[in-house]
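Engineer: Starting off with a structure, shown below.
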């Protein structure tokens, strides 16, 4: 799976390295922490909003969303195989 994010990330590494890093950060966050943002995670979101511009935040959210879709698809395929 380490190479998966590289294959799925639509952001060019040479043109937009910071956005690509943010996309990867969103991917990692979703893969390691699961869905949703509980009350304990809200301060992290607030700090992120203050620290980064909208392009970086958008890239992070895209990475998070792609990881979420990837995991849902993987879970669905596993369920189909188990039937």
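In our numbering, the protein residues as written are 12 to 94.
Note that the Cβ used here is the ideal one computed from N, Cα and C, for glycine as well.
(1) Is the distance from the Cβ of residue 72 to the Cβ of residue 45 below 8 angstroms?
(2) Less than 6 angstroms between C-beta atoms, sequence neighbours within five positions excluded: which residues of the same chain meet that for residue 33?
(3) If you follow the alpha helix (DSSP H) that residue 29 is part of, which residue opens it and which one closes it?
(4) Is it the case that the Cβ atoms of residue 27 and residue 74 are separated by a distance below 8 angstroms?
(5) Using the Cβ count rule (16 or more neighbours within 10 Å means buried), how would you classify residue 41?
Structural biologist: Based on what the coordinates show:
(1) The residue given as residue 72 occupies position 61 in the chain shown. The residue given as residue 45 occupies position 34 in the chain shown. No, Cβ-Cβ distance for residue 72 and residue 45 is not below 8 angstroms.
(2) Numbered from its first residue, the chain shown carries residue 33 at position 22. Excluding residues within five positions, the ones whose Cβ falls inside 6 angstroms are 67, 70, 71.
(3) Taking the first residue of the chain shown as position 1, residue 29 is located at position 18. Unbroken alpha helix (DSSP H) run through residue 29: 28-44.
(4) Reading the chain shown from its first residue, position 16 is the one you call residue 27. Reading the chain shown from its first residue, position 63 is the one you call residue 74. Not in contact: residue 27 and residue 74 (Cβ atoms no closer than 8 angstroms).
(5) Position 30 of the chain shown holds residue 41. Answer is buried; the Cβ neighbour count reaches 16.
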